[in-house]
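Engineer: Each residue of the sequence shown is one higher than the one before, counting from 1 in the UniProt record's numbering. In this text, a Cβ means the ideal position worked out from N, Cα and C, and glycines have one as well.
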Amino acid sequence: MLSSPYFHKYITGVWCVAGEDESHVAFLNHFGEQLQLFSHVVVVSLAELAGKEQVVGDAYLSHILRFNSPHITYVTFDFHEYWSVLDQKSESVS
Numbered sequence: 001m002l003s004s005p006y007f008h009k010y011i012t013g014v015w016c017v018a019g020e021d022e023s024h025v026a027f028l029n030h031f032g033e034q035l036q037l038f039s040h041v042v043v044v045s046l047a048e049l050a051g052k053e054q055v056v057g058d059a060y061l062s063h064i065l066r067f068n069s070p071h072i073t074y075v076t077f078d079f080h081e082y083w084s085v086l087d088q089k090s091e092s093v094s
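Here you go:
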């Protein structure tokens, strides 16, 4: 299948057509609605802390910090980093 002339690897890119201020307005609208429904919101970012997804995670964190709400808890978890550390530990044990 991979050698098929019809197979194309899909490579994602990150782009945004809105500026930071415009996207922050959308962020405020979204979390304003969420905070009306829930008294506290926990946001878990699964974006890579380094690599291709870093730009998305950094932008999201920027909006969280700019909003500065005591009613939002922001947590990051980088699966790539987590599994990399586990792989290193398992190699050192064997």
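On the DSSP letters alone, give me the boundaries of the alpha helix (DSSP H) that Ser62 sits inside.
Structural biologist: Note, Ser62: alpha helix (DSSP H), 54-67.
Engineer: Where does Ser45 fall in DSSP's three states?
Structural biologist: In the structure shown, Ser45 sits in a strand (DSSP, three-state: E or B).
Engineer: Compare the Cα-Cα distances from Asp58 to each of Thr76, Pro70, Ser69 and report the closest residue.
Structural biologist: Of the candidates Thr76, Pro70, Ser69, the one whose C-alpha sits nearest the C-alpha of Asp58 is Thr76.
Engineer: Going by DSSP, what residue range makes up the beta strand (DSSP E) through Val75?
Structural biologist: Here the beta strand (DSSP E) through Val75 covers 72-76.
Engineer: Roughly how many whole angstroms lie between the Cα atoms of Val43 and Asp78?
Structural biologist: Going from the Cα of Val43 to the Cα of Asp78 covers about 14 Å.
Engineer: Determine the DSSP secondary structure at Ala18, reduced to helix, strand or coil.
Structural biologist: In the structure shown, Ala18 sits in coil (DSSP, three-state: anything other than H, G, I, E or B).
Engineer: Taking 8 Å as the limit between beta carbons, can you name the residues of its chain near Leu28, skipping five residues before and five after?
Structural biologist: Phe67, listed in sequence order.
Engineer: With a cut-off of 8 Å on the beta carbons, I'd call Tyr60 and Ser45 a contact; round off their distance for me.
Structural biologist: Tyr60 to Ser45, Cβ: 6 Å. Contact.
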